[in-house]
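Under my numbering, think of the first position of the sequence shown as 370, with each following residue one higher.
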Amino acid sequence: MSFKNLLTKLFLTSTLLSSAVFAAGPTAAQIEQFKRLPASQQQALAQSMGVDLNALKMQSSSMQQQVEETVTPVVAREPELQVIESIDGEVTELKAFGYDVFANAPSTFTPNLDVAVPESYVVGPGDNVSVQIFGKENLDYQLPVTREGQVVIPNLGPFSVVGLTYAEMKQFLGAKIQQRILGVNVVVSIASLRSMRVFVLGDAYKPGPYIINSLSSVTHALFAAGGISDIGSLRNIQVKRAGKLIQSFDLYDLLIKGDSSNDILLQAGDVVFVASVGHRVSVDGEVRRAGIYEISNKETFSDVIKMAGGLLPSAFPKATRVERYSENNLRSVKNVNLANKAELASVVKNGDAIHVLKTSDLFDQSIEVIGAVTRPGTYQWVQGQTINDIFPDFNAYLLAEADLNYSLIVREIDRARNIEVLQFNLSNAIHNPESVDNIEIQARDKIIIFANTEMDLSLNQKGDKIDAGLLAQLKGKSVEQLGDDKGSKQLIIEKLKENARFRLLAPVIQKLKLQGASGKPMQLIEVDGQVKYPGVYPLAKNSKVSYLIAAAGGITESAYLARAEVTRNTVDSEKAGKISINVNLKDALANNLEADIALQSKDRLNVHQIPSWTENHVVNLKGEFVFPGKYTIRRGETLDDVIKKAGGFTEYAFPQGGVFTRTKLKLLEIHNLKKLASDLRMEIASKSLTEGSNIAYAEAQSLLSDLTKVEPVGRLVINLPKLVNDDNYDVLLENGDTLYVPSTKNSINVIGQVHVATSHMFDVNISIDDYILKSGGVKQRAETDDIYVIAANGDIKIIESSNWFSSNTDEGLQPGDTIVVPLDSDYTNNLTLWTTATQILYNTAVAFAAINGI
């Protein structure tokens, strides 16, 4: 062993065996001295001292890691939204551009230790240099750069590397080692970077000193500090070294242009100073990145629009609105044409609010197709395009229910977007391209294809407001009656479901109605009578009687073709009047030019019905008839006539209890019930507010509930036995009439204020009072003075109290009758409508019982 190695061994032995070192473990300096020894000497010395070489290396690595991995807490934050209110009151929430880069920062900031070291990196104290020697000798050293800027290589001595770049250091150390040790190759690298302290000050989110590695740039320091505060500038970040300004960094260059040339590497002791935010402008509307932007001196609208990512295709740059504070600190509005280079180059001012407005939603060089087509929507317009080009065939372009006889083109005719309507026969346009129906299309035309059925093609269920033109059609009004009637929304929806034609025509009719003015007649016409879809229609260009019939879906089978009537308004300078024009409808539909007269504004065509034409009207006979069932009736036929058709009554029939119902009467009863319920509700409310009122509110509400739930039957009280036997007493029948004849009745019903409402066998020797006693007697609240009887045929018989104890023969009580004991009015606080309401309920119940008993 050489003398030098012996001294080294003795030195390390004394060091490693000292009590302090043994207790606390070797220091970093001692470990570095040990690592400078050759590998063979390290192994021999570790074995002789009983030291685990691997544990020693791990301890060294741990110490090194503690120095390098400096962790700085960073508080994550949300970007602050600022509310911008425009001059027209529109409120927009915008965020300042660039600050959200730091908003999503991790909760801790750890310097990147795996980054490649650039060749230009300047080596300094604190860096660790890795020197690997292989060849004749195999050596591996991890050597720190001392404070003097030297790297001390075992057996070779110190070498000054301070101020050298990484590339220069590699070349310098490699050459020196190869001069000292022959026959070896050398690899020099940076094992670990030094840590350094810098200051992030000014309007940083968390200003203060931070430990970062020596390859950190300005942005690394900003991230370590949590970014920039809401009042900090992204465009004026200064790097100061030894009190001098080294570099100004504009973060917009990095965020917008990707230019990091000014993001310089920091040195120990550098100060990153974030100045307060400067002038700002806001940009919203049709830009790619709406927000609040910081501006520097003399930046233009062009610069700001670039910051916002440019304009969207939907922008209308010619009408950009700028809200600006004047010299008097008052808000003003300026219009800027961003399509003009001169205005685009004008300078923006602090506080400007730039609103880039949207272009029109209207399509240019296009047409619209709606209705009974397979692919409704907007399509490109081509010069010379015709209907046949849009719809080359039926199956691929039209729905099965498309009306081939009536279609419209709605065309704009001036800058005010007033319209005219062209009508065409779709079948002719497709089959015969040379026909006049194959109209040439113009840009912005709207083609409407109607359905020939009452299908709802695409009913709008959003509850959109329906215009007056549609209301007029729904309610059967004439053109002159078009007004602002709001109508019933439910009625409108139900009608729309029946006929989609109204939905498609509604906006056209409304537009034509609004176009009407003095000297400009409203281009609407009307058809009524025996057509499929009577109503108001647009007056098409060159419209004739046959056109209007096609618009209305054609005539019905009951139409009288020999004569129709056109009513026309005449207006001169002094007065207005009306004239009637007779039209031979058969000739007009056969393309007779003389009969098929041209129509004018507000013409009204009335298609008459064939004289004496009737539809199949049906009445229904139920119950004890020889041949019960439905019977078709003629106009003027009576109930007695139909009873004879049915073979008369059976031997078990009880004609005295017959119930005759009529649809019209049922509708009338529904209306009356609603009115009665409304009046009773108001009377109850009025009585309940009266001092000392003893009204039974719960009972009143129960009665109201019963009134609203009751289903009227539409009964017409008749004396059926008299009707059959008396030729002068009969009923003219209507469509939907029904006669119920029950079987023989042998009972008396008792209802109302009795303890048990029930039925009893009829006995001629029993009086009304006896029947009431059989039902448990009257209740305490019964009105015994107003007891009445509902006869089996529906008649009301008032019974005097003196006749209660008389026999049935004297008082007229008959089988099937119903005794009603009403409520004493004292318990209803003199509600005048109470008796009426309860009587309706009792009568309806009796009628239902009779019908259901059949």
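Ideal Cβ positions, reconstructed from N, Cα and C, are used throughout, including at glycine.
Option nearest residue i by Cα separation, candidates the options
i	options	result
ASN989	PHE1029, PRO980, ILE979	PHE1029
VAL498	LEU508, PRO487, PRO513, MET676	PRO513
ASN1094	ASP1010, VAL500, ILE1002, GLY1146	ASP1010
VAL1158	GLU1020, ALA869, THR1187, VAL1086	THR1187
SER1112	THR689, LYS1148, GLY992, GLY1121	GLY992
ASP496	PHE871, GLU1020, SER558	SER558
PHE685	GLN892, SER949, GLY654, THR515	GLY654
GLN540	GLU488, SER585, ASP897, GLY577	GLU488
TYR724	LEU680, ALA1160, ILE615, LEU1092	Before going further, note that residue 724 is His rather than Tyr in the sequence given. It is LEU680.
PRO1081	VAL1147, GLU984, THR1032	THR1032
ASN764	VAL995, ASP622, SER796	SER796
SER638	VAL1100, LYS609, LEU614	In the sequence as displayed, the identity of residue 638 is Gly instead of Ser. Cα-wise, what sits closest to GLY638 is LYS609.
ALA560	LEU551, PHE996, ASN757, TYR535	TYR535
VAL318	ASN938, VAL935, TYR621	Outside the displayed range of the chain (370 to 1223) lies residue 318, so it cannot be described from this structure.
ARG658	ILE546, ILE1141, VAL717, GLY467	GLY467
PRO578	PHE1023, PHE996, PHE568, SER949	PHE568
LEU1256	ASN554, GLY595, VAL650, VAL641	Look at the range of the chain in this structure, 370 to 1223, and you will see that residue 1256 is not part of it.
ASP733	VAL751, LYS718, ASP721	VAL751
ASP1295	LEU962, GLN1149, LEU1089, ALA812	In the structure displayed, the chain extends from 370 to 1223; residue 1295 sits before or after that span and is not available.
GLU737	SER729, TYR748, ASP730, LYS727	TYR748
ILE1117	LEU1101, VAL1189, GLY753	VAL1189
ALA711	ILE1156, ASN807, THR669, VAL779	THR669
VAL656	GLN636, PHE642, SER683, ILE633	SER683
LEU791	VAL702, SER630, LYS667, LYS913	LYS913
VAL896	ASP956, SER970, HIS986, VAL877	SER970
GLN754	ASN1134, ILE816, ASP1138	ILE816
ASN524	GLU506, MET538, GLU537, VAL531	GLU506
LEU634	ILE625, ASP1132, GLY647, SER617	SER617
Nearest-angstrom Cβ-Cβ length linking residue i and residue j, presumed shorter than 8 Å
i	j	result
ILE739	LEU873	7 Å
ASP772	ASN821	4 Å
First and last residue of the uninterrupted alpha helix (DSSP H) at residue i
i	result
ILE756	756-759
VAL486	Premise fails: VAL486 is in no alpha helix (DSSP H) and is neither H nor E.
ASP672	670-676
LYS687	Neither: LYS687 is in no alpha helix (DSSP H) and is coded neither H nor E.
PHE592	587-593
ALA711	710-713
Burial state of residue i, where buried means 16 or more other Cβ atoms lie within 10 Å
i	result
VAL440	Residue placement at VAL440 cannot be trusted, given a pLDDT of 49 that sits under 50; the coordinates are not used to answer.
SER645	exposed
ARG744	exposed
VAL587	buried
ARG566	exposed
THR983	exposed
HIS1124	exposed
GLN842	Confidence at GLN842 is low in this model, with a pLDDT of 47, below 50, so its placement is unreliable and no value can be given for it.
VAL716	exposed
GLU692	buried
ASN868	In this predicted model, ASN868 has a pLDDT of only 43, less than 50, meaning its place in the structure is not dependable; the value taken from the coordinates is given anyway. Counting Cβ neighbours within 10 Å, ASN868 comes out buried, since at least 16 surround it.
GLY627	exposed
ASP972	buried
PHE996	exposed
PRO980	exposed
TYR1021	exposed
LEU851	Any reading at LEU851 must be qualified, since the residue scores a pLDDT of 42, below 50, and its modelled position is unreliable; the value itself is stated next. Label assigned to LEU851: buried.
HIS589	buried
Opening and closing residue of the beta strand (DSSP E) in which residue i lies
i	result
ARG870	Not the beta strand (DSSP E): ARG870 falls in the alpha helix (DSSP H), residues 869-884.
LYS815	815-820
MET891	Premise fails: MET891 is in no beta strand (DSSP E) and is neither H nor E.
ASN706	Note, ASN706: premise wrong, no beta strand (DSSP E); not H, not E.
LYS609	601-610
ASN582	577-582
PRO907	904-907
PHE793	788-793
LEU1092	Here LEU1092 belongs to no beta strand (DSSP E); instead the alpha helix (DSSP H) covers 1089-1094.
At which residue ranges does the stretch 503-559 contain complete alpha helix (DSSP H) runs of 4 or more residues, listed in the order of the chain?
535-549
Just to confirm the assignment: which complete alpha helix (DSSP H) runs, minimum length 4, are found wholly within the stretch 728-772?
For the stretch 728-772, whole alpha helix (DSSP H) runs of length 4 or above, ordered along the chain, are 756-759.
Can you list the beta strand (DSSP E) stretches of 3 or more residues lying completely in the stretch 957-1012, in chain order?
As far as the stretch 957-1012 is concerned, its whole beta strand (DSSP E) runs of at least 3 residues are 973-978, 986-992, 998-1002.
At 3 residues or longer, what runs of the beta strand (DSSP E) sit wholly inside the stretch 909-959?
928-940, 945-952
In chain order, what are the residue ranges of uninterrupted alpha helix (DSSP H) at least 4 long that sit wholly in the stretch 1108-1166?
1137-1143
Residue ranges of each beta strand (DSSP E) within the stretch 609-653, 3 or longer:
613-618, 640-645
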